[in-house]
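Numbering (mature numbering (1 follows the signal peptide of the UniProt record, and there is no 0)), first residue to last: -19 to -1, 1 to 258.
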Amino acid sequence: MERVSVLCLSLLLCSLSGAEIIEEREISPESVNVPQPGPSDLHAVLREMSAKLAENRLMIQQLQTLNQEQAAKLKELENQVDTKQQEQAAKLKELKKQVDTQQQAQASELKSLKTRTNVTENQVESLRRDRAVGQVAFSASLLESGYGTLGPFNTHTTLVFKHVVSNIGKAYSPHTGIFTAPVRGAYHFEFYFVAYGGSHSSAVGLVKNGEHIFIAGQHQTNGWGTSANGVTLLLEAGDVVFLRLWQGYVIYDDESHHSTFSGHLLFPCETLLLMFN
């Protein structure tokens, strides 16, 4: 509208200036026939310019509408892209979580497998060790040479069987008379002795770690008498077993080796546990 007003004002000024110029000029025959713009022509120009201005305004409005539509589509596209990126990020996070879970499960399974492998290796090593030390057996008689009677004593006395016939595994000591279990297992022991007729009886007991287990006794006033006993014990590695002469009793032996102490390992218990597992 401001442009139109300025244009109209310019046209009016030009008209007035032209009129004055005409008045100042001398009237010539040529100038008398020249038509001058009238008010109708000016209105026609104004209408044409107003139409073009309205057309331009319509185009501007259409362009603005198109721009808004494109902006809305662009925003929608950006939202779709953001949504897809979020979905991909969530999928990636879930996939990473699954991979981490699988790795943890595999690590746990590997650790369990290593543990089982170590247990198996330990069991195999235990079997080898048991096989190496599992050959345990001994037999010994009381006197190494000659003959004689031991006792009576005023206290229980450990008997030392000095004449060793066999000592596989070196678990029995001919110096102390004590058998020491090398491995956990079932052991069988037997002991025999002779009672020589007289005023004193014979009594021998088997002891495990200081605990009395079994006893054998014999009283013979004339001639010879024998007595024996045996037992199977579950021993832990390091347990000790020995025979002792009861207080006030006697035991006899000679070169025929009447009084004896024997024992052997039946089987290691670790071997049985491995067989059943």
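No residue lacks a Cβ here, since even glycine has one placed at the ideal position from N, Cα and C.
The bridge partners DSSP lists for A209 are Y173.
Distance check between V221 and each of Y177, S208, R165, D235 places R165 closest, using alpha-carbon atoms only. For the pair L140 and L224, the CB atoms are nearer than the 7 Å cut-off. By the C-beta density criterion, D63 is exposed, having fewer than 16 other C-beta atoms within 10 angstroms.
Of the other Cβ atoms in all chains shown, fewer than 16 fall within 10 Å of the Cβ of T202; this residue is therefore exposed. Contact fails between the region 144 to 157 and the region 174 to 191, because fewer than three Cβ pairs, one in each stretch, are under 8 Å apart. Rounded to whole angstroms, the gap between the alpha carbons of P155 and G198 is 23 Å. A straight line joining the alpha-carbon of F172 with that of Y153 spans about 14 Å. Residue state for K189 is assigned as strand, using DSSP reduced to three classes. Per DSSP, reduced to three states, the secondary structure at L246 is strand. When only Cα atoms are considered, K54 and Q43 end up about 16 Å apart.
With respect to the 7 Å criterion, F170 and G219 are not classified as neighbours on the basis of their beta carbons.
In the displayed model, Q116 falls within coil according to three-state DSSP, outside both helix and strand. Counting only the Cα atoms, V80 lies some 16 Å from L91.
Residue environment: Y128 is assigned as exposed (fewer than 16 neighbouring CB atoms within 10 Å of its CB, all protein chains considered). Residue pairing by DSSP leaves I159 without any beta bridge partner.
Residue environment for H239: buried (at least 16 other C-beta atoms within 10 angstroms of its C-beta).
In the three-state reduction of the DSSP assignment, R165 falls in the coil class, being assigned neither a helical nor a strand state.
Check the Cα spacing between S122 and each of I232, L94, S89, N60: the tightest is with I232.
Residue pairing by DSSP leaves Y230 without any beta bridge partner. Per DSSP, the unbroken beta strand (DSSP E) holding V146 starts and ends at 144 to 149.
Note on F160: 16 or more other CB atoms within 10 angstroms of its CB, so buried under the neighbour-count rule. Around the beta carbon of L58, a 10 Å sphere encloses fewer than 16 other beta carbons of the protein chains shown; the residue is thus reported as exposed. Rounded to the nearest angstrom, the Cβ distance from F248 to A118 is 13 Å, too far for a contact under 8 Å.
Linking E75 to N103 through their CA atoms gives a straight-line distance of about 41 Å.
Judged by beta-carbon spacing, L124 lies within the 7 Å limit of D234, meaning their Cβ atoms are closer than that value. When beta bridges are read from the DSSP output, I194 appears opposite no residue. Judged by DSSP in its simplified three-state form, A121 adopts strand.
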